[in-house]
Structures are given as structure tokens and as C-alpha cells.
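Novice:
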Amino acid sequence: MIIGKHLRGAALSVALLPGWAMAQSMITPDAFLDAAVGKTLMFYEIRSGELVGTEQFLNRHVSVWREEGRGCVYGQITTPNGQICFLYDNDPDGIPVCWWPFLHQDRLMVRLASFADGEIQEVRSITESSLNCPNAPTS
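Each residue of the sequence shown is one higher than the one before, counting from 1 in the working numbering.
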């Protein structure tokens with residue numbers, strides 16, 4: 001998948017991730033959001049290739065997430081410390097899930113911002129399709 005000019009222009013070289021043969025390029029959360037707002041992204045687990053879920057970025061502060069076979073969950077987006085974080089309505093502990101966005105061989109990826117779990121997901125589709133979720137918040 002070729003990534004748009006917003007992401008390529010914002011890339012910065014960083015160190016290798018464990019198990020990867022080529023250098024990664026970090027993307028700022030703002031550059032990620034520039035490319036994602038108004039779009040719907042499909043995220044796949046990099047090792048298994050399985051679809052994790054689909055996220056529609058309603059604006060820079062609100063998204064809607066849907067896992068396969070489940071309903072919609074709305075999330076508040078924040079961007080602390082070079083990460084993009086999501087606090088979803090159904091999160092019982094009130095702790096946001098944070099990711100580091102990056103490019104690898106012109107493919108858009110996100111890595112869980114936790115040293116205990118190095119989960120990496122790849123964005124394989126960016127469309128303007130809606131998830132058609134009910135009661136979408138507007139702010």
C-alpha cells in the first residue's frame with residue numbers, strides 16, 4: 001500500500017524494531033491524523049495477517065472502532081509524547097490504549113506503546129466509507 005504525501009513528508013528515521021531487518025520511520029501523531037481524519041482504516045495483525053478491526057476517524061478527537069462481529073465503540077483521541085492514544089467508551093479501567101505510528105517499506109503500521117507487548121498492526125486499507133454506526137458523536 002502506498003502512503004500519501006502527508007505521511008512520507010513527516011517521517012523521521014528511528015531505530016530498528018526487534019525482529020525487523022530494515023529501519024522504520026516514525027510518523028508524528030499529527031501527520032497520522034492528517035491522513036486519517038475523515039477516513040476509515042482497516043488494521044491487520046502483522047504476524048497472523050488477521051483483521052483486528054476497522055476505525056473511522058470522525059475528527060481529530062473522536063473515532064469509532066469496530067472489531068469483526070462486534071458493535072461500534074467510540075473513542076476519545078489524544079496525542080501525548082509522540083503517541084496516538086484512544087480511550088474507548090467501553091474501557092473498564094479508564095486507561096487509554098496508545099500506539100506509535102510508523103512506516104515500514106511504505107506501509108503504514110502502528111506499534112502498541114507498551115514494552116511488555118510489541119503488537120504491531122498494519123493499515124491495509126484507507127477508504128472514505130462510513131462504518132454506519134448509530135449515534136455518532138460530533139465532537
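Every residue, glycine too, gets a C-beta built ideally from N, C-alpha and C.
1. Can you name, in chain order, every residue of its own chain whose Cβ lies under 6 Å from the Cβ of Cys98, other than the five neighbours on each side?
2. Specify, as a first and last residue, the run of the beta strand (DSSP E) that Pro101 falls within.
3. Using DSSP's beta-bridge definition, name the partner residues of Glu122.
4. Hey, quick one: how far does the beta strand (DSSP E) through Leu131 stretch, first residue to last?
5. Measuring only the C-alpha atoms, how far is Ile120 from Arg107?
6. Let's see if you can read the secondary structure: which residues bound the beta strand (DSSP E) around Leu33?
7. Among Leu58, Phe102, Ser125, Gln24, which residue has its Cα nearest to the Cα of Leu41?
8. Is Gly53 helix, strand or coil when you go by DSSP?
9. Which residues in the same chain have their Cβ closer than 8 Å to the Cβ of Val73, if we skip the five residues on either side of it in sequence?
10. With distances taken from CA atoms, which of Thr78, Lys39, Ser129 is nearest Ile152?
Specialist: So, from the data block:
1. As a first step, residue 98 is located in the sequence shown; it is residue number 98 there, counting from the start. Only Gln83, Cys85, Ala113 meet the Cβ criterion.
2. To locate residue 101, count along the sequence shown from 1; it is residue 101. Run containing Pro101: 97 to 104, per the beta strand (DSSP E) assignment.
3. The residue given as residue 122 occupies position 122 in the sequence shown. Glu122 pairs with Tyr44, Met109.
4. Here residue 131 refers to the residue found at position 131 when the sequence shown is read from its first residue. It is not in any beta strand (DSSP E) - Leu131 carries neither H nor E in the DSSP assignment.
5. Translated into positions along the sequence shown, residue 120 becomes position 120. Translated into positions along the sequence shown, residue 107 becomes position 107. In a straight line, the C-alpha of Ile120 is about 12 Å away from that of Arg107.
6. In the sequence shown, residue 33 corresponds to position 33, counting from 1. Careful: Leu33 lies outside any beta strand (DSSP E), inside the alpha helix (DSSP H) at 29 to 36.
7. Here residue 41 corresponds to residue number 41 of the sequence shown, with the count starting at 1. Of Leu58, Phe102, Ser125, Gln24, the residue nearest in Cα terms is Ser125.
8. Along the sequence shown, read from residue 1 onward, the residue named residue 53 stands at position 53. The answer is strand: DSSP assigns Gly53 an E or B state.
9. As a working note, residue 73 is residue 73 in the sequence shown. Cβ neighbours of Val73 beyond the five flanking positions: Val64, Trp65, Arg66, Tyr88, Asp89, Asn90.
10. Since the first residue of the chain shown is 1 and the last is 139, residue 152 is not available in this structure.
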